[in-house]
Amino acid sequence: MNEPEVTTRPSINSAFEFLSELMPAKNITTRIQQAGIEKSYFVSRERQDKFLNETLFQRVARVLHRKLDRHLIITGQTGIGKTATVHELAWLASHNEFPFLSQRTFLWFDCSAVGPEDSRGCLESLMAVAQEQSDTVLCIQGFSTLFHRPNGGSNKPLIKAAARRPEIQFIGLMQPWEYNDLIGGDSHIREFFNQIELSEPDESTTLEITEQEATRLSQFYGLKIAPSAIQRAVNLSSSYLFQESQPGKSIKILKRACEDAQFEHSQLGKCVDEITPSRIDSALSEYTGIPQETISGTSEDVDYLTALSSLVVGQNGPVTDIASELQMVKAGLTDPGKPAGVYLFAGMTGVGKTELARRVAEFYSGTRRLNTYTMGNFSESHSVSGIIGVPPGYVGHESGGRLINELNSDPYAVFLLDEAEKAHPNVWKPFLNLFDEGWIVDQRGVKAYADRAIFILTTNAGSDAISQMVRSNKSMDEIEERVKQTLSRVRQERSSQPVFTPQFLARIQRTVVFAPLDEEAMLRITRLILKRVATTWLDRRDKNITVSESLISAIAQEAYRRNDKSGGKEGGRIIRKLISELIERRIQEETLKDKQRYHSTSSINLGLSQSFHSGNESDLDRDPVSISRDMVTITWS
37 MNEPEVTTRP SINSAFEFLS ELMPAKNITT RIQQAGIEKS YFVSRERQDK FLNETLFQRV
97 ARVLHRKLDR HLIITGQTGI GKTATVHELA WLASHNEFPF LSQRTFLWFD CSAVGPEDSR
157 GCLESLMAVA QEQSDTVLCI QGFSTLFHRP NGGSNKPLIK AAARRPEIQF IGLMQPWEYN
217 DLIGGDSHIR EFFNQIELSE PDESTTLEIT EQEATRLSQF YGLKIAPSAI QRAVNLSSSY
277 LFQESQPGKS IKILKRACED AQFEHSQLGK CVDEITPSRI DSALSEYTGI PQETISGTSE
337 DVDYLTALSS LVVGQNGPVT DIASELQMVK AGLTDPGKPA GVYLFAGMTG VGKTELARRV
397 AEFYSGTRRL NTYTMGNFSE SHSVSGIIGV PPGYVGHESG GRLINELNSD PYAVFLLDEA
457 EKAHPNVWKP FLNLFDEGWI VDQRGVKAYA DRAIFILTTN AGSDAISQMV RSNKSMDEIE
517 ERVKQTLSRV RQERSSQPVF TPQFLARIQR TVVFAPLDEE AMLRITRLIL KRVATTWLDR
577 RDKNITVSES LISAIAQEAY RRNDKSGGKE GGRIIRKLIS ELIERRIQEE TLKDKQRYHS
637 TSSINLGLSQ SFHSGNESDL DRDPVSISRD MVTITWS
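Going left to right, the sequence shown walks through residues 37 to 673 as this note's numbering numbers them.
Rendered as structure tokens:
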């Protein structure tokens, strides 16, 4: 295929009009915004970065010295120092560190916001500028945006043609996965470009760079920055900001703390003259959404057993087991190379598996949010892309894997993998390494660590056997062994393949069995849900709801009857349905009869009429509605 003819604007003036005017500068940076591009034109400037990786810049210089493959792509995660590397190179060039670069003009363009519809015009104008200004190096932030044209088209032919021209030299900056997508797999364009991937500096170098930046921030904001605050910024950003890289993320948190202090001083009139470690904690908390007391380690000690027991009723064994596990995690007694917890919750539907998982997230996760994966939605082999992202070349690849993104957003995340037996076997393959080594990589090559995350799998498999063994007073060890045997035999409906391999089941740290709910559990759950309903009515409708003990008992008995008749398939969820039917709809019926009375009252009292007879065993064979709304009395006050 013939390469397309490279076109430029008719004159250099029209190119400058398109890109806006480029102002040459010495020792200063002139920035102009036009068409989504920010330009920085500089030849000679005061050095900003005093750290120097001599080997790195020698590699860069060797590439720029070549004749054909003399174009450079610098890759690395956000904050790792790609921009600083290019600026340092310009400083070295202007100070004759590499003689062949001493007369080069470095033009900096931030093209990150350039859309596909503007990319070709930007490329043509950049080439026109380079043609007019000899010995120019085009340094392009967001170089990947210039590859894309509307409707999935590509500018690769134009870029290849430009790369052949002797007056043009590119230094492109992009993410590693962008390089792999756009250049790494294309030998025709790869022959012109050399990749240099930056890695994070070690801790001591990161601290040195952050201290250097702290000096500038201190001068700019007129604030003293305590050395302990600088160290705190480095430590916390390494512990919480997994989606970004050092030293950029340390500097970002330090800068945010300075900006917050300046705002408090200038706008709120507060006397703030120093950045302390507590201000770093506050800045990180605001940035991540993680409570400051969690970051600072000043949160109150949680009695997990008491806290969970008050919220999850009827499952003393599972609550005790998980409370013990959380105490182990908090004490740092778990394997540091694996997730903080990998638990399997087994039992019938509606017995409290999801509720306990939700409460674990509330007490453990920094965001207090449960990340739920309904594994029935992952029943196809290709649905693993919903975990680790879609392959290169497919729409959405740039978004990465959901699981990886959530782990990097909250290192203390809690994941619920609901109804695990419904997933395709291939979906569990990435979890093998995750549960064993504590890390996972998505299709972009982005890595996430799970050493502080908790994973909770739930399953209904073997629930009938669990129910029978509980009634037969079998030991919990026997029941857990039966559950594991059942899971090893489960086959996926679509593929007929075993869902769980022995290797996968061996990585589950604890199997927690949930027993069927007895009458006492139903009564406690009824009280708990009614308390929440009453709180909702008081907050939203300003009505005080009270329910008599006889009605509470009747609802609990009815819930137990229906659950028993269904073979345990209703679970505790039937209680919420009964409360909605017998109480909330009953209030609605009476309200429609007399709206004025409803609006004028502040208390609504519900009880049970004399016509209700709590049952005997024959009640189980009666119509499902043993208690109906017309048996519920209501008074207003």
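All C-beta atoms, glycine included, are put in the ideal place defined by N, C-alpha and C. Just so you know, these numbers come straight off a predicted model, no measurement behind them.
Length of the line joining the Cα atoms of residue i and residue j
i      : j      : result
Val173 : Leu253 : 30 Å
Leu182 : Glu295 : 34 Å
Val355 : Pro461 : 30 Å
Lys389 : Phe550 : 7 Å
Ser532 : Lys465 : 17 Å
Ile591 : Thr562 : 7 Å
Asn63  : Glu124 : Note that Asn63 scores a pLDDT of 25, beneath 50, so its modelled location is shaky; the value from the coordinates is reported in the next line. Using only the alpha carbons, I get a separation of about 14 Å.
Phe278 : Leu574 : 42 Å
Ser170 : Asn216 : 31 Å
Lys260 : Glu322 : 21 Å
Thr522 : Glu457 : 11 Å
Ile544 : Ala359 : 17 Å
Arg488 : Ile195 : 44 Å
Leu452 : Arg633 : 46 Å
Glu514 : Ser524 : 16 Å
Ser180 : Lys306 : 45 Å
Glu442 : Ile316 : 23 Å
Ile588 : Gly437 : 47 Å
Ala297 : Pro447 : 27 Å
Gly383 : Asp357 : 15 Å
His224 : Ile207 : 18 Å
Glu361 : Gly377 : 8 Å
Own chain, CB closer than 8 Å to residue i, minus 5 neighbours either side, in chain order
i      : result
Thr119 : Gln177 and Leu209
Glu227 : Leu104 and Asp105
Asn469 : Trp475 and Ile476
Same chain only: Cβ atoms within 7 Å of residue i, ignoring 5 sequence neighbours per side
i      : result
Ser286 : Thr242, Thr246, Ala269, Val270 and Ser273
Asn599 : Leu553, Glu606, Gly607 and Ile610
Glu594 : Leu614, Ser662 and Ile663
Glu398 : Arg404
Residue j beta carbon less than 8 Å from that of residue i
i      : j      : result
Gln471 : Pro313 : Checking the sequence, you will find Phe at residue 471 rather than Gln. No, Cβ-Cβ distance for Phe471 and Pro313 is not below 8 Å.
Gln363 : Val387 : no
Ala129 : Phe142 : yes
Ile670 : Glu626 : yes
Ala459 : Val535 : yes
Arg518 : Ala542 : no
Ile424 : Leu439 : yes
Ser240 : Asn191 : no
Phe229 : Ile109 : yes
Ile490 : Val548 : no
Arg622 : Arg665 : yes
Asn509 : Ala484 : no
Leu304 : Ile116 : no
Ser100 : Gln231 : It should be noted that the sequence gives Leu, not Ser, for residue 100. Against a cut-off of 8 Å, the Cβ pair of Gln231 and Leu100 comes out as no contact.
Val122 : Cys158 : no
Phe455 : Thr494 : Sequence check: residue 455 is Glu here, not Phe. Cβ atoms of Glu455 and Thr494: closer than 8 Å.
Identity of the residues DSSP links to residue i by a beta bridge
i      : result
His107 : Phe229
Gln177 : Asp146 and Leu209
Phe491 : Val378 and Phe451
Pro534 : Arg527
Ala484 : Ile476
Trp672 : Ile640
Asn580 : Ser639
His184 : Ser190
Glu310 : Lys260
Thr119 : None; Thr119 has no bridge partner.
Tyr409 : Leu453
Val549 : Ala382
Thr141 : Thr172
Cutoff 6 Å; reference residue i; Cβ partners in own chain excluding five residues on either side
i      : result
Asp578 : none
Gly481 : Pro212 and Trp213
Glu249 : Ile287
Asp657 : Bear in mind that a pLDDT of 44 at Asp657, under 50, signals an unreliable position, so the model cannot answer this.
Gln94  : none
Contact with chain B by residue i, beta-carbon distance below 8 Å
i      : result
Ile440 : Considering every chain present, this structure includes no chain B. It has just one protein chain.
* Asked: Within the chosen definition, does the region 133 to 140 reach the region 158 to 167 through at least 3 CB pairs nearer than 8 Å?
  -> Taking one beta carbon from each stretch, the region 133 to 140 and the region 158 to 167 have fewer than 3 pairs nearer than 8 Å; the two do not touch.
* **Validate contact between the region 392 to 406 and the region 341 to 349 using beta carbons, cut 8 Å, 3 pairs** => yes
* **Cβ contact check for the region 356 to 374 and the region 408 to 420: 3 or more pairs under 8 Å** => no
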